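Q: Protein chains in written order, with numbering that gives the first Met the number 0: chain C, 0 to 326; chain X, 0 to 292; chain H, 0 to 295.
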Amino acid sequence: MLQVEGLNKTYASHGRPLRAVKDVSVSLRPGETLGLVGESGSGKTTFARLLLGLVAPDEGGSIELEGKALAPRLASRSEDQVKAVQIVFQNPDSALNRSHSIRHILSRALKRLGGLSGKALDARLEELVRSVRLTDRHLAVKPRQLSGGLKQRVAIARAFAGDPRIVVCDEPTSALDVSVQAAILNLLADLQSKQDVSYIFISHDLGVVRYLSDKIAVLYLGRIMEFGPSEAVFSGPHHPYTEALLSAVPKLDRTESSRIRLDGEIPSAANPPTGCVFHTRCPRKIGAICETQEPELLEAQPGHTIRCHIPYAELARLQKPEVVEPA
Amino acid sequence: MSATDTPAALPAPDTARRSPWGEVLHSLLRSGTFLTGLAILLFWVVCALFGEHFVPYDPLDADIINTLAPPSADHWFGTDQLGRDVFSRVIVGSRDILTVAPLATILATIAGTALGLVIGYFRGIVDDIVSRVLEAFMAIPVVIIALLAIVALGTSKATVIVVIGLSFAPIIARTVRSAVLAERELDYVAAAKLRHEGALHTMFVEILPNVIPPILVETTVRLGYAIFAVATLSFMGFGIQPPSPDWGLSISNNYGMIGGGFWWTVLFDAMAIASLVIGVNLVADGVHGAFND
Amino acid sequence: MVFLGGQVLPGNVGRAILGPFADQRAVDALNHSLGVDRPLLVQYGTWIWNFLHGDMGTSYIFRAPVAPFVIDALGNSMKLALVAFVLVVPIGILGGVIAALNLNRPLDRIISLGGLSVTVLPEFVTGIILILVFGVWLRWLPIAAAWPKGAGVLTQLYYLILPSLPLFLVLFGYIARMARSGMIEALDSDYTRTAVLKGLPWRTVIWRHVLRNALLPTITVIATQTGYLIGGLVVIETLFRYQGIGSLIFTAARGKDFPMLEAGILTIGIVYAVATLVADFLYSVLNPRIRLGAEQ
Chain C
0 MLQVEGLNKT YASHGRPLRA VKDVSVSLRP GETLGLVGES GSGKTTFARL
50 LLGLVAPDEG GSIELEGKAL APRLASRSED QVKAVQIVFQ NPDSALNRSH
100 SIRHILSRAL KRLGGLSGKA LDARLEELVR SVRLTDRHLA VKPRQLSGGL
150 KQRVAIARAF AGDPRIVVCD EPTSALDVSV QAAILNLLAD LQSKQDVSYI
200 FISHDLGVVR YLSDKIAVLY LGRIMEFGPS EAVFSGPHHP YTEALLSAVP
250 KLDRTESSRI RLDGEIPSAA NPPTGCVFHT RCPRKIGAIC ETQEPELLEA
300 QPGHTIRCHI PYAELARLQK PEVVEPA
Chain X
0 MSATDTPAAL PAPDTARRSP WGEVLHSLLR SGTFLTGLAI LLFWVVCALF
50 GEHFVPYDPL DADIINTLAP PSADHWFGTD QLGRDVFSRV IVGSRDILTV
100 APLATILATI AGTALGLVIG YFRGIVDDIV SRVLEAFMAI PVVIIALLAI
150 VALGTSKATV IVVIGLSFAP IIARTVRSAV LAERELDYVA AAKLRHEGAL
200 HTMFVEILPN VIPPILVETT VRLGYAIFAV ATLSFMGFGI QPPSPDWGLS
250 ISNNYGMIGG GFWWTVLFDA MAIASLVIGV NLVADGVHGA FND
Chain H
0 MVFLGGQVLP GNVGRAILGP FADQRAVDAL NHSLGVDRPL LVQYGTWIWN
50 FLHGDMGTSY IFRAPVAPFV IDALGNSMKL ALVAFVLVVP IGILGGVIAA
100 LNLNRPLDRI ISLGGLSVTV LPEFVTGIIL ILVFGVWLRW LPIAAAWPKG
150 AGVLTQLYYL ILPSLPLFLV LFGYIARMAR SGMIEALDSD YTRTAVLKGL
200 PWRTVIWRHV LRNALLPTIT VIATQTGYLI GGLVVIETLF RYQGIGSLIF
250 TAARGKDFPM LEAGILTIGI VYAVATLVAD FLYSVLNPRI RLGAEQ
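(1) Applying the 10 Å Cβ sphere with the 16-neighbour rule, what's the burial state of C/Gln-85?
(2) Compare the Cα-Cα distances from H/Leu-79 to each of H/Pro-141, H/Leu-285, H/Leu-232 and report the closest residue.
(3) What residues in its chain sit with their C-beta under 6 Å from that of X/Asn-209, if we drop five residues either side in the sequence?
(4) In the structure shown, what three-state DSSP assignment does H/Thr-125 receive?
(5) Is the beta carbon of C/Arg-123 less than 8 Å from the beta carbon of C/Leu-109?
(6) Any Cβ of chain X within less than 8 Å of the Cβ of C/Tyr-10?
(7) If we cut at 8 Å on Cβ distances, does X/Asp-57 have a partner in chain C?
(8) I need the DSSP call for H/Pro-19, collapsed to helix, strand or coil.
(9) Does any CB atom of chain X fall closer than 8 Å to the CB of H/Ala-21?
(10) Using a Cβ-Cβ distance under 8 Å, would X/Leu-193 count as near chain C?
(11) Output needed for X/Pro-6: all residues of its chain with C-beta closer than 7 Å, excluding positions within five of it in sequence on either side, in chain order.
(12) Is DSSP giving C/Arg-152 helix, strand or coil here?
(13) Check the Cβ of H/Lys-255 against every Cβ in chain X and list those closer than 9 Å, keeping chain order.
(14) Under 8 Å between C-beta atoms, does X/Thr-264 make it to chain C?
(15) Cα separation between C/Gly-16 and C/Gly-235?
(16) List, in order along the chain, the chain X residues whose C-beta lies closer than 8 Å to that of C/Val-232?
(17) Taking X/Pro-10 as the query, report the chain C residues whose CB atoms sit under 9 Å from its CB, ordered along the chain.
(18) Assuming C/Glu-78 and X/His-195 make a contact with CB atoms under 8 Å, what is their CB distance in whole Å?
(19) Does chain C have any CB closer than 8 Å to the CB of X/Thr-14?
(20) Less than 8 Å separating the beta-carbons of C/Val-20 and C/Leu-35?
(21) So, using beta-carbon positions, are X/Ala-168 and X/Ala-107 closer together than 8 Å?
(22) Can you tell me the Cα-Cα spacing of C/Leu-104 and C/Val-131, whole angstroms?
(23) Hey, does H/Ser-188 have any beta-carbon neighbour from chain X nearer than 8 Å?
(24) Short of 6 Å in beta carbon distance, which residues of its chain neighbour C/Val-167, apart from the five on each side in sequence? Order them along the chain.
(25) If I measure Cβ to Cβ from H/Ile-130 and keep anything under 6 Å in the same chain, skipping five residues before and after, which residues do I get?
(26) Answer with yes or no whether the minimum CB distance from H/Pro-121 to chain X is below 8 Å.
(27) How should C/Pro-310 be labelled, buried or exposed, when 16 other C-beta atoms within 10 angstroms of its C-beta is the threshold for buried?
(28) Buried or exposed: H/Leu-159, going by 16 or more other Cβ atoms within 10 Å of its Cβ?
(29) Return the first residue and the last residue of the alpha helix (DSSP H) that C/Pro-16 is part of.
(30) Strictly under 8 Å for the Cβ-Cβ distance: is X/Ala-189 near chain C by that measure?
(31) Just how far apart, CA to CA, sit H/Leu-196 and H/Ile-70?
(32) Rounded to a whole number of angstroms, what is the C-alpha to C-alpha distance between C/Arg-316 and C/Arg-306?
(33) Taking CB distances under 8 Å as the criterion, tell me whether H/Thr-237 reaches chain X.
(34) Below 8 Å between beta carbons: does that hold for X/Ile-277 and H/Val-119?
(35) Measure the C-alpha to C-alpha separation of C/Ser-93 and C/Leu-73 and round it to an integer number of angstroms.
(36) Answer yes or no: does any C-beta atom of chain X fall closer than 8 Å to that of H/Gly-18?
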């Protein structure tokens, strides 16, 4: 349903090109969830903004939704296309206008995205509010009178106002208390099962992504390092970067020593390393080739691609002891 | 929690919490600065509105046998060179300045807000050009701008309002612009774009309500400067015109004689201007404090 | 821009000079001899060219070259502004420093609130009150800034004290406030703490480390207030009947004497630009973090 092909975004940073997103291609079917994983600075949020049309990509790439091209700029997309792709932002305090009541926020979305007015709007408003498990008394208030979890429910309701085909969830739980994170994730899963909507779920936390995703794309410095079905990415063999991210997910039975530490910060996209962009921090670097030549994104198994110079079989052999759970 | 949690499990909205505006009002009412300023301002507003009904003499009535009389029981503040009662003139003299200065401030606020919203929201080349022009414009003293404009357009209350309003508009525009620059990066603006809202809706319905506090603060500060400017222009002969008992105008008509010791013809007008300007500045100070706590 | 301002002013120049009853032919002839009937751009080019060569045009009213009037007036205004500045800069900074050293104590309150109050008052209001107090009641100072011909420097100074006081009062508030906040920030900074911990005497710390940094924002204010000062001069010079550039502009504006008006305003524009440059230069000299040229 969604087909993204060769998407690039280059910013100018102090006169130098900054490639925030480089040659990203993904696809998504109705009702599926694509997890987008990476550290901050990996380009996942930029990718989301390209998809939404908030930022125009470089020439060349293409985004197709249900067989029709999505214009690079939001302003030139049709009404249907605009309401088809919506987002739940990371921070509800920024996403909800603090001067407007919840009723105003949701009614406006229903009017613009759902094309509703009058009685029909009121009826749909009630339904929408109930679908995110809020009640009428939450409608009269301003955002600041609600807790973070409730605000995020309002933001989710707004995203669903126009029956979207795709909802981008940009770290929707990272600004919330741990205690309400699970409830929000459950709500999202629940809404998906009822409405057949596709999610693009952005997170730096592989544990959260695993819970919801059918497919996972791992991003590093704007490039896809690994892409494939959720089980394949998790069971391995993985890209060394994915391997490091996975080892950071806490597990009850894992000892601290098996955790792979990534040294230093993610390099600046304005000045990316030569060769494989991950080589400066890669625990499995094999030699000069990593520093001089950027590896291709190769298909390891059908539908599972990895960008690494280490051959697939070799990765499997190297990572074997890691995968075996200690007795 | 599970996927089947019920509405009852969710916390209710916190309606007891005071709204931001309630907070501001609350701290204003506890601010001595604000209340003092407000009392002074209200005194002059009452004088402007109803002064003519309770002053002992008609402020425009000349009494040629009783000119330049010093303060006495009959004429508390004495009389001027035409024998007009200075007390009555000072009380009623608040009217024109309290019409012209607020109107000029309102004009500045409306024009400055619109301009600031547009250049802050669209940024780019329009912002660059307009900001440069505004900067250059602000470097010229208001008195000089006013002088030129009033020579060109002729003296009338409307001219004074337009001139002061438009000279202050860039300053308000600059304040609004910087507030808008911060707001436009927030996600609710992106959400509006994702509803295909027009620029006007985004600027005036989404962003404007959130930049009201700095606008309000700047407006009260500007009101002080507007009073300053109107009084000065009237004193220079380019502002409020005779026969108004306006304070600046009275001083301009009478200060030539103070060498003769007729201090009462100017002192009370000067004190009136001083009290009004300080009163408005106290209010502005209080408002600023209340919004920045 | 100034020139355009002068040109878009309505009113037929010849008509304005000769009055409403003059013969139309006389008006046309005068307009022609003044050159105001030529195209705007030509007038503008000629005007700039001449201005740069010291020829500022001919006054419509005095029918004499503008330049001597402007130069004379500028000199007088400079004297007045100089007296005000010489008084206000040290006293303002001192006030701000004293306030900062007595932060939130009564002395700070008095200086801050007093400074703020006198700053917001129109110059002619403080001027009138000062004239009444020192000129009329106490009779210490002359009420008009018109000294006898050939008066010495001290006599001139004596006449200039009263007119400079309103300017002093307005600027005092600004300068004291900036010096105060610069001082507070400097006192609170790491380098001050380091200096104190090094065991330097308090007095040395203040002089060597704090004061220097407190001065920086003050210089910026002085530069930005030059524009204001020029506006203030128009008012003060009118009030005290002083033959400065402000009253020259004022008289020219009233009489629609455009060459005089334009020359006066362009002159203060140049003064303003020079003052800003000087302040920038001082700022970079005093600021250890910015070197001249390194700014670019």
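We treat Cβ as the ideally placed atom computed from N, Cα and C, and that holds for glycine.
Here the structure is a predicted model, which is why all the values come from computation and not from measurement.
A: The answer reads as follows:
(1) Classification for C/Gln-85: buried.
(2) Cα-wise, what sits closest to H/Leu-79 is H/Leu-232.
(3) Counting only Cβ-Cβ distances below 6 Å, and skipping sequence neighbours, we find Glu-182.
(4) Note: H/Thr-125 maps to helix in three-state DSSP.
(5) Result yes, Cβ atoms of C/Arg-123 and C/Leu-109 sit closer than 8 Å.
(6) False, the Cβ-Cβ gap to chain X never drops below 8 Å.
(7) It does not: the Cβ of X/Asp-57 has no partner Cβ on chain C nearer than 8 Å.
(8) Legend: pLDDT at H/Pro-19 = 44, less than 50; position of this residue unreliable, value from coordinates given subsequently. H/Pro-19: coil per DSSP, three-state reduction.
(9) Note that H/Ala-21 scores 49 on pLDDT, short of 50, meaning its location in the model is unreliable and no value can be drawn from it.
(10) Chain C contact via Cβ: present.
(11) Interpretation of X/Pro-6 is limited by its pLDDT of 44, a score under 50 that renders its predicted location unreliable; the figure taken from the coordinates is listed afterwards. A distance below 7 Å between beta-carbons, with the five flanking residues on each side excluded, links X/Pro-6 to no residue of its chain.
(12) Three-state DSSP puts C/Arg-152 in a helix.
(13) Near H/Lys-255 (Cβ distances below 9 Å), the residues of chain X are Val-150.
(14) Not one chain C Cβ lies under 8 Å of X/Thr-264.
(15) Sequence check: residue 16 of chain C is Pro here, not Gly. Rounded to the nearest angstrom, the gap between the Cα atoms of C/Pro-16 and C/Gly-235 is 34 Å.
(16) Chain X residues near C/Val-232: none, gap ~25 Å exceeds 8 Å.
(17) Contact annotation for X/Pro-10 against chain C: Leu-145, Ser-146, Gly-148, Leu-149 [CB-CB distance below 9 Å, chain order].
(18) That belief holds up - the Cβ atoms of C/Glu-78 and X/His-195 are roughly 7 Å apart, short of 8 Å.
(19) Chain C, which has a Cβ nearer than 8 Å to the Cβ of X/Thr-14, makes this yes.
(20) Taking a C-beta distance under 8 Å as the contact criterion, C/Val-20 and C/Leu-35 do not qualify as a contact pair.
(21) Contact: yes.
(22) Note that residue 104 of chain C is Ile in the sequence shown here, rather than Leu. Answer to the nearest angstrom: the Cα atoms are 15 Å apart.
(23) H/Ser-188 does not count as touching chain X.
(24) Ala-47, Ile-86, Ile-199, listed in sequence order.
(25) Cβ within range, chain order: Ile-142.
(26) Under the 8 Å criterion on CB atoms, H/Pro-121 is classed as interfacial with respect to chain X.
(27) Exposed, by the Cβ-count rule.
(28) Buried, by the Cβ-count rule.
(29) Segment 15 to 27 is the beta strand (DSSP E) holding C/Pro-16; no alpha helix (DSSP H) there.
(30) Among the residues facing chain C, X/Ala-189 is included, as its CB has a counterpart in that chain under 8 Å away.
(31) One C-alpha to the other measures close to 55 Å.
(32) So the two alpha carbons sit approximately 17 Å from each other.
(33) For H/Thr-237, the nearest beta carbon of chain X is closer than 8 Å to its own beta carbon.
(34) Note that the C-beta distance between X/Ile-277 and H/Val-119 is below 8 Å.
(35) Their backbone Cα atoms lie some 20 Å apart in a straight line.
(36) At H/Gly-18, the pLDDT of 44 sits below 50, so the modelled position is not reliable; the number obtained from the coordinates is stated separately. Contact of H/Gly-18 with chain X is not assigned, every C-beta pair being separated by 8 Å or more.
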